[in-house]
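Report on the following structure.
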Amino acid sequence: MLRKYFTYLLLFFALMIVAASNAQTAIVEFTDYRIENKLKVDTALLNLIKPYADSVNKTMNQVIGFSLNGLTKKQPESVLGNFMSDCMKTMAEKKFGCKVDIAFVNYGGIRYYIPKGEITVGKIFELMPFDNLIVLQELPGKILQQFLDKMAERDGWPVSGLRMAIKNKKAANVFINDKPLDENATYIVANTDYIANGGDDCEMLRGIGQINKGYLFRDALVEYIMFLSKQGKSIDTKTDNRIVYAN
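Residue numbers (the working numbering): 387 to 633.
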């Protein structure tokens with residue numbers, strides 16, 4: 387009798403589990419709430435945050451330079467990409483105090499554009515919202531070729547100090563400072579810490595030593611534009627066939 391009762395109990399729980407696993411939504415209910423500009427302004431809260439908001443707005447609205455033409459990104463090469471990679475190379479040499487052979491900028495990390503006219507700090511935050519740092523790595527020629535092949539597979543990234551062609555999704559005819567890439571040589575490369583740590587499928591760079599001084603790429607952009615402005619120069623970058631598609 388006890389065994390029979392226990393059997394029925396097991397069957398009951400089994401049916402409950404099956405029923406639960408096949409449960410389906412019987413009814414869905416929702417209500418729309420229209421958000422309108424009818425809420426009463428909290429003046430106390432506004433007064434509390436006003437000093438901070440004013441300070442941020444003052445910084446973000448600061449004009450640091452002037453662009454003769456709007457700079458936008460494009461692959462395999464663009465005026466915006468050339469400007470940003472030239473900035474990284476120039477400012478890395480100033481910050482780290484050494485010759486930099488090549489500088490790279492992750493194409494996907496460029497999130498905005500530089501409009502024609504006055505350039506504000508806020509525009510640079512829109513362009514580069516991430517706290518990416520500039521780091522240096524000494525790359526053997528073979529590793530550099532692998533990295534360039536990955537770039538070619540992605541249709542090219544902004545570069546400075548290098549020219550190459552993309553052929554069958556590989557990097558070909560690579561020249562660094564007007565000399566062919568030497569797989570037995572070592573090159574000093576400026577990059578962001580995100581890419582140097584293997585981000586965006588750049589695993590070949592992971593584990594290679596880095597020199598890191600905590601220098602934000604965004605700060606480098608601001609300082610570079612201000613540096614040009616002090617020299618009386620506006621941004622007027624051109625494309626110059628750094629990366630081309632091979633015929």
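Cβ coordinates follow ideal geometry from the N, Cα and C atoms, glycine included.
From the listed residues Glu569, Glu539, Val442, Gly495, the smallest Cα separation to Lys459 is found for Gly495.
Cβ neighbours of Tyr498 within its own chain (closer than 6 Å, five residues either side excluded): Glu512, Leu513. Check the Cα spacing between Tyr601 and each of Asn577, Lys528, Ile629, Phe613: the tightest is with Asn577.
Looking from the CA of Ile629, the closest CA among Cys588, Ile562, Tyr573 belongs to Ile562. The three-state reading of DSSP puts Glu463 in coil, since its state is none of H, G, I, E or B. Ala538 sits in a helix when the DSSP states are folded into three classes. With contacts defined as CB atoms closer than 8 Å, Lys556 and Ala538 qualify as a contacting pair. In the three-state scheme derived from DSSP, where H, G and I count as helix and E and B as strand, Asn492 is classed as coil. Using a Cβ-Cβ distance cut-off of 8 Å, the region 593 to 609 and the region 420 to 437 are not in contact, since fewer than three pairs of beta carbons, one from each stretch, lie closer than that value. Between Lys485 and Ile594, the C-beta spacing is not below 8 Å. Straight-line measurement puts the Cα of Tyr610 at about 13 Å from the Cα of Gly618. In this structure, Ala489 lies near Gly547, with their beta-carbon atoms less than 8 Å apart.
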